[in-house]
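In the numbering used here, the protein residues as written are 11 to 593.
Here a beta-carbon is modelled for each residue, glycine too, at the ideal position from N, C-alpha and C.
For reference, the structure discussed in these notes is given below.
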């Protein structure tokens, strides 16, 4: 039972949260700082969690020796190194969407973007730009500064993967799953991008770990923190909304499949979790209610039910909606085995797992699915991971356009590695029973080493040199950005790229903000001068391959220039031509 004193303290938490939510509409359109509102909001849910934890008795109960934290810190350091090494140049290209988010971060640093509780570019919550501001403010508006914040997030998700997998299936599976995530090329790639998709892995794994910890120990503080973490996920990538759906699904499953004291824990803990979620998510819920179109902007663009894609495809192809949905589900579910990525966010030309790991993943998934409806609690411990994979595949894959799109499935890297670890452990156990002298630990270590070798070779030696990420336009912009900066005081950039690419392309503006430029819209002809330059300024023309036919006219109007072909260092394809005249 909750005492009257604690009820009063909990009431204070909700009053503070209501005060923060009430203040938000009144700050819009003013020059007042949001800092007091952020402080009140943060205090509300932190205070709530402290009250919940205070009901559990001593909050610190050492359960580990010194070795486990030391080894976990070493694993985290290794994961950080793999994500931080040559961060500014691997991947070489600064993608257009990366740079667009970087421009929002710059707006935060300049004081132009002040509300952390809204949505900005493409409906992305502005809180992620405020978080990213610390690394850009420290290292500058460059690729490394933009990406460092997400290296930290990706590294932390390795730690929370261990904590979650250990709770579900013991330390061996925990270490194996965390190591696989640490060296997995897919997870490494998104941890090295200046974009917030990798936060899905952190919010969801942390929330699930806290929920399972609460179920196993009865700690109210764990339930409260799980709800808060799910609520905070709403301020990250849109895919993190899956976290709340997943927590609800796992809670309902546990209520239906548990009995006695465990069911009572889940029921009571679920209320604490709900309270934490409401407090942490309150300002974003207020934004969603007041501006639903802004809140759901991204989902309305990519959701096949929201944007009318399914209806149009039925009319255009004559196929049934069920057939189309099954094809969508098939492509999403087999992203790790059969179908390559469909977008340049990653663009790996093969599936996201190698063949051996793909087989282990299917085996682990099958074992978990078979155990789901068995009577023992131990057999059902993989259920949260199974539900994570299933919900992510459907909501982030099948019900969105162009599956598999890797940026929407990155959260699944954690359950995928968990199932690979589960299967690897099971296979090694069976091998030990059949062959004397084989120790399971040796086989698991060998399997992890093989996975790491294949994965790291795939990413650092095969993938990144090909410069697939970002596409050719972003590669061109990244290659030319240093030159734009060098000639900013003496030349004007004249960009012959429309309608394929424009000067305002985000990578240009983020990496070379000081450069002056404009688009050359119409075809350049011999009869009419394309632009008039200011006295003392040279011309720095960039001509895309689709407009190379206009180069002769540019030579006519601006004679004596220096011409240079720009080729991709990966594919060798022609990206553009630079034609530079002196002032």
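N- and C-terminal bounds of the alpha helix (DSSP H) containing residue i
| i | result |
| --- | --- |
| residue 297 | 270-300 |
| residue 452 | 450-466 |
| residue 420 | No alpha helix (DSSP H) holds residue 420; DSSP gives it neither H nor E. |
| residue 173 | 153-193 |
| residue 362 | Taken as a continuous stretch (DSSP letters only), residue 362 belongs to no alpha helix (DSSP H), as it is neither H nor E. |
| residue 518 | 516-521 |
| residue 352 | Careful: residue 352 lies outside any alpha helix (DSSP H) and carries neither H nor E. |
| residue 87 | 77-94 |
| residue 394 | 393-403 |
| residue 58 | 45-64 |
| residue 336 | 331-343 |
| residue 488 | 481-496 |
| residue 651 | Residue 651 is absent from the structure shown; the chain starts at 11 and stops at 593. |
| residue 566 | 561-567 |
| residue 320 | 319-327 |
| residue 234 | 230-243 |
Per DSSP, cross-strand counterpart(s) of residue i
| i | result |
| --- | --- |
| residue 550 | 503, 590 |
| residue 410 | 313 |
| residue 584 | 577 |
| residue 5 | Residue 5 is absent from the model: the chain starts at 11 and stops at 593. |
| residue 129 | 135 |
Residue span of the beta strand (DSSP E) that contains residue i, given as start and end
| i | result |
| --- | --- |
| residue 573 | 572-577 |
| residue 210 | It is not in any beta strand (DSSP E) - residue 210 instead sits in the alpha helix (DSSP H) that spans 209-227. |
| residue 529 | 527-529 |
Local Cβ density within 10 Å of residue i, reported as buried at 16 or more and exposed below that
| i | result |
| --- | --- |
| residue 136 | buried |
| residue 107 | buried |
| residue 221 | buried |
| residue 575 | exposed |
| residue 165 | buried |
| residue 303 | exposed |
| residue 120 | exposed |
| residue 277 | exposed |
| residue 139 | buried |
| residue 332 | exposed |
| residue 219 | buried |
| residue 87 | exposed |
| residue 505 | buried |
Residues of its chain near residue i, where Cβ-Cβ distance is below 7 Å and the 5 sequence neighbours each way are ignored
| i | result |
| --- | --- |
| residue 186 | 431, 434, 435, 454, 458 |
| residue 401 | 252, 255, 256, 259 |
| residue 475 | 580 |
| residue 284 | 237 |
| residue 410 | 312, 313, 314, 418 |
| residue 319 | 411 |
| residue 346 | 361, 362, 363, 368, 371, 426 |
| residue 198 | 92, 93, 469 |
| residue 90 | 161, 165 |
| residue 359 | 350 |
| residue 159 | 141, 142, 144, 145 |
Residues near residue i by beta carbon distance below 6 Å, same chain, minus five either side
| i | result |
| --- | --- |
| residue 514 | none |
| residue 429 | 371, 374, 375 |
| residue 355 | 416, 417 |
| residue 240 | 217, 253, 254, 257, 287 |
| residue 448 | 441, 442 |
| residue 181 | none |
| residue 66 | 229, 230, 231 |
| residue 292 | 27, 31 |
| residue 530 | 504, 506, 540 |
Sequence-distant residues of its chain with Cβ nearer than 8 Å to residue i (five each side left out)
| i | result |
| --- | --- |
| residue 113 | 131, 516, 519, 520 |
| residue 547 | 500, 501, 502, 593 |
Contact between the stretch 428-439 and the stretch 449-460 is defined here as three or more beta-carbon pairs at a separation below 8 Å; is this criterion met? Touching, yes.
Determine, using beta-carbon pairs with one atom in the stretch 49-56 and one in the stretch 73-87, whether at least three such pairs fall under 8 Å. As far as the Cβ criterion goes, the stretch 49-56 does not touch the stretch 73-87, which means the pair count is below three.
Inspect the CB distances between the stretch 261-279 and the stretch 309-320 and report whether three or more fall short of 8 Å. Taking 8 Å as the limit for Cβ pairs, the verdict is that the stretch 309-320 does not touch the stretch 261-279.
Is there contact here, the stretch 201-210 with the stretch 238-250, by at least three beta-carbon pairs under 8 Å? Yes: the two stretches touch, three or more of their Cβ pairs being nearer than 8 Å.
Would you check if there are 3 or more beta carbon pairs closer than 8 Å linking the stretch 515-528 to the stretch 487-494? The answer is yes - the stretch 487-494 touches the stretch 515-528, with three or more Cβ pairs under 8 Å.
Using 8 Å as the Cβ pair cut-off and three pairs as the minimum, do the stretch 223-236 and the stretch 267-277 touch? Contact between the stretch 223-236 and the stretch 267-277 is present, because at least three Cβ pairs lie under 8 Å.
Inspect the CB distances between the stretch 321-329 and the stretch 149-159 and report whether three or more fall short of 8 Å. Touching, no.
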